[in-house]
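Letter 419 of the sequence shown, counting from 1, is numbered 419 in the UniProt record's numbering, and no numbers are missing.
Down below is the structure, laid out as structure tokens.
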Amino acid sequence: MSLTVHGLVSLVIPGNNEFAQCINLPYMQLGGIISPSIGKLSRLHRLALHQNGLHGVIPNEIGNCTELRALYLRANYLQGGIPSDIGNLSYLHVLDLSSNSLKGAIPSSIGRLTQLRLLNLSTNFFSGEIPDVGVLSTFGNNAFIGNLDLCGQQVQKPCRTSLGFPVVLPHAESDEAAVPARRSSHYVKWLLVGAITIMGLVLVITLSSLWICLLSKKERAARRYIEVKDQLNPESSRKDDAGAKLITFHGDLPYTSFEIIEKLESLDEDDVVGSGGFGTVYRMVMNDCGTFAVKRIDRSREGSDQGFERELEILGSIKHINLVNLRGYCRLPSTKLLIYDYLAMGSLDDLLHENTEQSLNWSTRLKIALGSARGLAYLHHDCSPKIVHRDIKSSNILLDENMDPRVSDFGLAKLLVDEDAHVTTVVAGTFGYLAPEYLQSGRATEKSDVYSFGVLLLELVTGKRPTDPTFASRGVNVVGWMNAFLKENRLEEVVDKRCSDADSESVEVILEMAASCTDANADERPTMNQVLQILEQEVMSPCPSDFYESHSDH
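Written as structure tokens, this is what we have:
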């Protein structure tokens with residue numbers, strides 16, 4: 001079998017490769033894609049490639065590995081759907097596709113996998129009804145948790161019909177509860193009459209619901225548009241008779257509009273968790289303990305309602321595992337509020353500089369660097385229109401309970417529309433992270449984001465903010481300070497002493513990448529796709545700590 005730096009480009013060994021039975025390569029950060037040639041391994045029993053930074057799709061040819069017993073692909077960056085041919089793997093005991101970016105419907109063919117004992121599809125972007133067939137009906141909520149748009153009996157969430165309301169169909173009676181054959185035909189007739197009556201009532205209710213839905217057709221458009229009269233703030237209501245408007249993305253929030261707006265209106269200074277250039281951030285806790293982050297936009301930064309909502313519609317359509325999801329927004333007469341997923345671990349800035357109880361080891365910092373690069377590369381190269389962040393910094397890198405990073409505040413600056421001139425002319429951002437050409441001209445490009453990302457890498461390595469007094473006292477910024485130490489090969493003085501697990505190879509890769517990203521000449525900086533490719537290829541799983549030992553003689 002041959003593996004390259006691009007991942008699983010070739011799994012075919014000349015000769016008897018079809019007899020390979022085990023590929024066990026987890027935590028290797030291989031990168032790349034899963035090649036369709038995987039289907040040639042017809043005798044494969046185990047495929048374990050979890051936490052490898054793989055992207056692309058799961059190839060349909062996986063269905064040719066008909067003797068596969070265990071398939072572990074969790075914690076990668078796989079996209080697309082689950083191939084329906086996966087139902088051909090009749091010997092499969094374990095199917096773990098969790099923590100990817102998979103989407104679409106869950107194929108009913110999984111129900112045919114009668115040997116399946118462990119199913120984990122959690123933390124993806126699957127949608128629609130979970131098929132209640134075969135073995136699929138035996139798994140509960142834990143197999144699907146973290147897919148907000150799924151419904152069905154497995155997750156105890158009724159599905160909505162095209163009419164907009166849940167329908168619960170009765171289960172067929174078991175044989176033991178069936179009406180005995182000896183019962184009189186008279187009884188059967190009354191049973192039929194009762195059934196017809198019930199069906200008639202259901203029809204009346206359905207038609208009534210349809211009539212109600214048609215009256216609010218505009219509000220039930222694809223974006224699940226909801227408008228409600230603002231009865232919670234009489235003063236604001238007098239100023240704007242239009243009331244409040246709530247719009248959600250990525251499926252409905254599991255609350256009524258009144259519940260959400262009531263919570264939004266009740267936010268006060270006790271709920272504040274942070275503030276920044278775009279406004280104040282609140283922590284909103286619903287009655288069922290569901291938690292969201294709410295950003296109140298500074299009035300001075302608001303543009304026209306039409307332009308504001310158009311930008312948010314674009315942002316609401318963006319979904320990536322390393323980006324903070326915009327769940328919706330609410331326009332009140334007095335302000336505008338953005339609703340995001342709440343990330344329990346807070347920001348990278350807090351963990352690096354404020355939290356004295358928890359220090360980030362080197363392997364976690366590498367994980368944060370890689371995930372942040374994926375999120376930013378997605379904004380630059382996969383969004384349409386492309387998005388320049390303009391404010392990459394440690395306080396805009398948020399972390400979930402698994403210390404997986406998500407880039408926040410993207411798109412709140414200008415969106416790039418002109419493909420040949422991806423620039424804006426209003427300086428935003430944070431001092432210390434800004435590229436020199438951006439400070440001079442006010443023109444923000446993808447390359448100015450790359451510069452900021454390079455500074456972020458230095459912050460991860462040094463554990464120091466770019467505005468640390470250490471740099472100012474020497475008359476340099478963090479970039480100049482780092483370059484001086486690199487020239488003198490004094491790397492042990494650069495790395496945060498809290499990183500006892502740092503290894504020399506990955507430290508040098510990160511510092512070289514940071515130097516490339518912060519090149520004074522913007523044209524010489526790499527793109528984020530190039531940065532990501534190098535990080536995926538070169539930053540492997542942490543080696544035993546040898547950094548301080550290998551530099552102790554300097």
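For each residue, glycine too, the CB sits at the ideal point set by N, CA and C.
Note that the structure is a prediction, hence the values are computed from the model and not measured.
{"Asked": "Expressed to the nearest angstrom, what Euclidean distance is found between the alpha-carbon atoms of residue 103 and residue 140?", "Found": "19 Å"}
{"Asked": "Near residue 273, what residues of its chain come up, given a Cβ to Cβ distance below 6 Å and the 5 sequence neighbours on each side ignored?", "Found": "281, 283"}
{"Asked": "Find the nearest neighbour of residue 451 within the set 393, 314, 406, 249, judged by alpha-carbon distance.", "Found": "393"}
{"Asked": "Taking three-plus beta-carbon pairs below 8 Å as touching, is the segment 450-467 in contact with the segment 364-375?", "Found": "yes"}
{"Asked": "Please report how far the alpha carbon of residue 521 lies from the alpha carbon of residue 368, in whole angstroms.", "Found": "26 Å"}
{"Asked": "Which two residues bound the contiguous alpha helix (DSSP H) that contains residue 436?", "Found": "436-441"}
{"Asked": "Buried or exposed: where does residue 68 fall if 16 or more other Cβ atoms within 10 Å of its Cβ makes it buried?", "Found": "buried"}
{"Asked": "Is the beta carbon of residue 319 sitting closer than 9 Å to the one on residue 101?", "Found": "yes"}
{"Asked": "Nearest to residue 351 by CA position, among 387, 51, 365, 62, is which residue?", "Found": "365"}
{"Asked": "Return helix, strand or coil for residue 275, following the three-state DSSP convention.", "Found": "strand"}
{"Asked": "Give every residue of the same chain whose Cβ lies closer than 8 Å to the Cβ of residue 483, excluding the five residues on either side of it in the sequence, and list them in chain order.", "Found": "515"}
{"Asked": "Going by DSSP, what residues sit across from residue 199 in a beta bridge?", "Found": "DSSP, once it has assigned bridges, lists no residue as partnering residue 199."}
{"Asked": "Are there three or more Cβ pairs, one per stretch, closer than 8 Å when the segment 335-355 is compared with the segment 396-406?", "Found": "yes"}
{"Asked": "Just mark residue 41 as buried or exposed, buried being the case when its beta carbon has 16 or more other beta carbons within 10 Å.", "Found": "buried"}
{"Asked": "If you follow the alpha helix (DSSP H) that residue 377 is in, where does it begin and where does it stop?", "Found": "362-381"}
{"Asked": "For residue 468, which three-state DSSP category applies?", "Found": "coil"}
{"Asked": "In angstroms with no decimal places, state the Cα-to-Cα distance between residue 126 and residue 388.", "Found": "28 Å"}
{"Asked": "Residue 127 lies in the alpha helix (DSSP H); which residues open and close that run?", "Found": "Element bounds for residue 127: not the alpha helix (DSSP H) but the beta strand (DSSP E), 125-129."}
{"Asked": "Determine whether the beta carbon atoms of residue 499 and residue 442 lie at a separation below 9 Å.", "Found": "no"}
{"Asked": "Just to confirm my understanding: we take residue 444, look at its own chain, exclude 5 residues before and 5 after, and list those with CB closer than 6 Å. What are they?", "Found": "388, 390, 424, 438"}
{"Asked": "Please state whether DSSP places residue 417 in a helix, a strand or coil.", "Found": "At residue 417, the pLDDT of 36 sits below 50, so the modelled position is not reliable and the matter cannot be decided from this model."}
{"Asked": "Would you report the Cα separation of residue 510 and residue 60, rounded to the nearest angstrom?", "Found": "36 Å"}
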